[in-house]
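These notes are about the structure you will find just below.
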Amino acid sequence: LEEAVGLIERDNNPIQAVLLPLNVRSGQSGIKACLSAKAHPTLSRVPIIGIAPSKDRAVLEAFYGAGADCVVIMPFDVEQIFLQTGAIARLHRSVSETLAEERDHLAISRGAIEALNASTDAVVVFDTSCRPRFV
């Protein structure tokens with residue numbers, strides 16, 4: 200995770216996604232690493248893809264419960280992972296851009312938007328015509 204943060208912050212290099220196996224090289228659980236990534240201010244905006252060694256329901260639920268955007272089950276095709284990662288990154292970027300545009304139209308102070316951005320839960324804000332604006 201530190202390497203990913205370094206790529207983003209230090210090198211100003213946008214990364215498409217972070218792939219986390221169930222057992223991370225540092226000996227940490229991929230599920231715990233996923234929780235850490237989603238709690239990190241920089242990595243929380245990057246799609247997280249978990250890699251599970253089997254279809255074990257407990258592992259899949261734990262990854263998704265930790266905030267993974269997608270979980271891929273081994274064995275898998277490397278090209279499939281590459282394409283799926285690109286698709287998830289495009290979707291994530293599109294949603295982020297749409298949300299940024301919507302925020303510009305809302306009459307909410309910068310402090311309120313920062314507080315909403317800090318929330319790890321989904322928040323729906325309704326405008327004066329009762330249309331939902333997702334934040």
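Note that our numbering has the sequence shown beginning at 200, numbered continuously upward. The C-beta atom is built at its ideal place from N, Cα and C for all residues, glycine as well. As the structure is a prediction and not an experimental result, all values here were calculated from the model.
In this structure, the beta-carbon distance from Ile250 to Val271 falls below 7 Å. For Lys254, the CB contacts under 7 Å within the same chain, skipping 5 residues up- and downstream, are Ile272 in chain order.
Here Ala299 is not near Pro246, since their CB atoms are 7 Å or more apart. For Val223, the three-state secondary structure derived from DSSP is coil. Apart from the 5 residues on each side of it in sequence, Ala236 sits with its Cβ closer than 8 Å to the Cβ of Leu200, Ala203, Val217, Leu219, Leu242, Ser243, Val245, Ile247 and Gly266 in its chain, given in chain order.
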